Structure formats: C-alpha cells, structure tokens
Amino acid sequence: MNMSTKTPALRTLLLATAFLALHGCSSLAKGITEAVIQGPVSREDLRQCEIEGAKFDGIRQSLSNMTDKMGVTKVLMVHGINSHMPGYSTRFRKKLLEELELNVTEAEVKTIQLDSSEVSWKPEEPHVLGQLKVSRHTDNDGKRQLIFYELTWSPISDLEKKTLMADSANYEGLRRASLNASLKSFMNTTVPDLLIYTGDGRDKITASVKESVCWMLGNDWESLPKAGQYDCNAWRGSTFDGLADDNYFFVTHSLGSRITIDTIQDFSKRENDVVDDPKNHKIGHIVREKNFTVFMLANQLPLLQMGRKIPEVTNEQASYCAVDGAKASQRVMNAMNIIAFSDPNDILSYPIPFDFADKSIDSRICPIVTNVSLQVANTQTLFDAVSFANPLQAHSGYMEDDRVVDLIANGIHADNMSPLIKSKCKWLEISRKSK
C-alpha cells in the first residue's frame, strides 16, 4: 500500500475516533455534570469571544446599500456532516431575519431538485444532487430584500449510507449495549459523509454546490422555477443579468466549509476553459471585480487539508489581488472574505493559521481571513478542579448563538460595533492596505 492510500485511511481512523469521543461525551455530559458539579451553576454568561482580523461587512450593510440602487442580497446555506432534511436551517434563518428586521416573508417557497450535465452519470442512474429551497424576505416597506438559498446535499451520500442501515438497526446477530448502539448509529450517519466526499462522491457534492451558486448568481426571484428538476445552465432564466448589482454571502457548517471552498477553487481551474465562450467570459469579467463573503461555522479547513495537494496557485496574492498586480486580470474575484468561527471546546473546529491562506488556498480567489474564536457551550467545573464543556453543543450550537448571528448580520467596524459584540467580544483588528 502506498503512502497516498495510507494517509486517507489514517485520517479516517482518527476522524472516526474523534466523532466517537464527541458523541460519547455529549451523551454522558448531562448525567456527569448533574451528579458531580459542586455548588450552584452561575447564570451569568461567562462565555468568551475573541475576534482577530480585518473589519468586515455583514448582511445588513449590503441590505442598506441596496435601498439606493438596483440589486438584491443573496445568502446560500451549505450544511456539513450527518443526514439533513430540507428545512434544517429554519431556526438560524428566523434568528437572522429577526436581527435584520426583515419581517415580511413571501408565501411561496421555490424548491429545485438539482441536476447537472457536467456529472458523468451512469446509464439509468437517478440524477440525485440534492435540493435547493429558496425563500424571499423583505422589510415592511419592501425596500430591503434578501433571498435565502438552503442547499440540502445529503441525498447524495444518503444513497450510499443506506447500506449501513441494517448495521445501525442491529436486527441480526448479538445485541449491542444501548450506549454502544447509539454511538454506532451516530458513526454510521456521519463518518461516511467524510469518506464519500474524499472519495468518489466529491464530484457530485461539489456539483451540487456549483448548481446552487449558478441559481443564485444567474437568476432573479421571478425567473427561478417554482419546482421541478433542472440544470441551471440549461434553464432559460439563467441570464446572470443581476450579477453586477447583487451581493452574495455563504454560510457554511463544518464539512460544508471545505466543500464550498473546493467548489470556488474549482472555478479557478475552469477560467481557461471559458475564454472562448462570450457569455462565460462576460460573467468572469464581472465576478473578477466583486467581493464575496463566506461565514464558516465550526470551521474545519486546516483539518480537512491534511493529506491533500495544495492548490495550483499559492503565495501569489500580491500578483493577483493588488490593484496594480501583474496578474490582476487573471484573478477569479476581487476578494473572498472568510470569517472562520471556531470553539476551543469543539473538538472538530479549528481557527485558520495566519499563513494558511497563503499556503493552502488558491491565490486567485484573493482570500482575506478573520478568525472568530468563541465559546458556544458553557464551561462548567467538576469537583472544583476539572472544567468541562459539552463538545456536541460546542459543535452544533453556532447557528443559534446570538453572537454568531450578530456578526453575520452586522459585521464588525470600530466606529459602528453592535452593543452585543462590543460587550461580549474582544477584537484585535488587523489593518489591511486598500486594494
């Protein structure tokens, strides 16, 4: 077995062990803390929050800018591991809309079953790329408009995970102990997503995100199909007429962050393939001057970079991203703002090292990284000696954390910081030269 085979196998084993520990701790956490915590639990919110990076705009700034000109603010949500059902982002979306004071929701919700001609489908293979659920939201005056796109790509991996359903059910053979049965079921619904994505499923999963991005960039609300299965590039409404005026944001969780960055970096590889296509050439020219923002919850980029090849172009941000850069005309976008959220007690999230963007992200997407380290789960003391925080809550609680939602909604600026962030977070601003 060569090293390229050993590395993914070893990584998989380590990840599986981490997930086992994650779920095992969370299952026992309540009983342990109730049994051994000494003294009353403080109701004061002592969870810490530190932000390190440049100032950045949130969705509110985009909405405010749109009141004076044509354009719409659009947000794409991409989930991570585990099987997800459509509607998984509902609580997060409602908290975000409340923070943004977008009180009116369109009654109609558009549901697109994704398809792509770029996937090498086998004969008679069902075209399963997941579902894109699209909703529209405005303020009471209808002046500020946000379109929310929820991508559910789980159907891609669920097809393969069905082979483990019998193992999870444990109908045959010796019966598992109850706790072990819970752990095994959790393993069978989560770890396979990583294996499938790092294996043959990568093309389909990234195609799912590509299709979602196409629907977001290429269509306005009226031109989107109400329902059905479609290939975005073949859809008559995919004119990309609003591309220059609209603003775009991504919100991703755990593995979804890796998938989204991989998809965006794939666009870099395709630049040379679309030069002779007038439509794609025009789209590329517009995107080259635009800024995009991705909010990565439970960020895993450093972990999931292990054992992977580095992108084709690295350590060349000055050449591609500066206004007078020698290769500025070859960049993919003006800037990709990456806001990476991690919790030190979430054993599956990681801050982005200061040199990671230069070494491990394609320079052509011009990444700008800000790290947000915050305690999502409360830390409690056992025996007045050992501190403990629920690791499952730390990993899955970002979308319901008020500070996370506030930063996504409002961004952070020294002269206009929200009261919540000002009181709950410390910010080490890193200034950047204007491009």
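Just so you know, the sequence shown maps onto residues -29 to -1, 1 to 406 in mature numbering (1 follows the signal peptide of the UniProt record, and there is no 0). Yeah, the Cβ is synthetic: ideal placement off N, Cα and C, and Gly gets one too. Quick caveat, the model's predicted, so the values are computed rather than measured.
Scanning W206, Q200, P94 for the CA closest to the CA of S194 turns up W206. For L122, the three-state secondary structure derived from DSSP is strand. The three-state secondary structure of Y321, taken from DSSP, is coil. Contact between the segment 313 to 328 and the segment 269 to 282 is established, with three or more Cβ pairs separated by less than 8 Å. Excluding residues up to 5 positions away in sequence, H98 lie with their Cβ nearer than 7 Å to the Cβ of W92 in the same chain.
The segment 381 to 400 makes contact with the segment 25 to 35: 3 or more CB pairs, one atom from each, lie closer than 8 Å. Straight through space, the alpha carbons of Y369 and F63 are spaced by roughly 9 Å.
The DSSP assignment places complete alpha helix (DSSP H) segments of no fewer than 4 residues inside the segment 171 to 220 at 173 to 189, in order along the chain. Judged by DSSP in its simplified three-state form, F354 adopts coil rather than helix or strand. Within the same chain, Cβ atoms closer than 7 Å to the Cβ of G208 are found at N190, S194, L195, the five residues on either side in sequence being excluded.
Closest by C-alpha distance to N361, out of Q346, D372, F354, E371, is Q346.
Secondary structure in the segment 92 to 151: the alpha helix (DSSP H) runs of 4 residues or longer, each lying completely within the stretch, are 125 to 132, 136 to 140 in chain order. Taking C-beta separations shorter than 6 Å and ignoring five residues to either side along the sequence, the partners of T352 in its chain run S358, following chain order. Residue state for H384 is assigned as coil, using DSSP reduced to three classes. For S344, the enclosing beta strand (DSSP E) stretches over residues 338 to 345. Classified as exposed, K250 has fewer than 16 neighbouring CB atoms from the shown chains inside 10 Å of its CB. The residue from A289, T264, R259 with its alpha-carbon nearest to that of F220 is T264.
Put simply, the backbone Cα of S228 is about 39 Å away from that of G144. Take I281, set aside five residues on each side of it, and the residues of its chain with a beta-carbon closer than 7 Å to its own are K330, S331, in chain order.
Across the structure, V43 and K155 are spaced so that their CA atoms are roughly 45 Å apart. Taking D233 as the centre and dropping the five residues before and after it, the same chain places the C-beta of R173, T177 closer than 8 Å to its C-beta, in chain order.
The bridge partners DSSP lists for L399 are E23. When only Cα atoms are considered, L214 and A152 end up about 49 Å apart. N262 has A306 as its beta-bridge partners, per DSSP. E21 sits close to C396, with the two beta carbons spaced by under 8 Å. F354 is classed as exposed because its beta carbon has fewer than 16 other beta carbons within 10 Å across all chains shown.
Spanning the alpha carbons of M307 and S149 requires a straight line of approximately 46 Å.
Within the DSSP bridge table, the entry for F359 names Q351 as partners. Judged by beta-carbon spacing, E23 lies beyond the 8 Å limit of L391, meaning their Cβ atoms are not closer than that value. Judged by DSSP in its simplified three-state form, M48 adopts strand.
The beta carbons of Q288 and C337 sit about 6 Å from each other, so the pair counts as a contact at 8 Å. For Q102, the number of other beta carbons within 10 angstroms of its own is at least 16, and it is reported as buried. Taking the Cα of N286 as reference, the smallest distance to any Cα among D248, A311, N262, D326 is reached at D326. Judged by DSSP in its simplified three-state form, D295 adopts coil rather than helix or strand. When the five nearest sequence neighbours on each side are left out, the beta carbons in the same chain lying within less than 6 Å of the beta carbon of R335 are those of S239, V284, Y291, R302, V303, in order along the chain.
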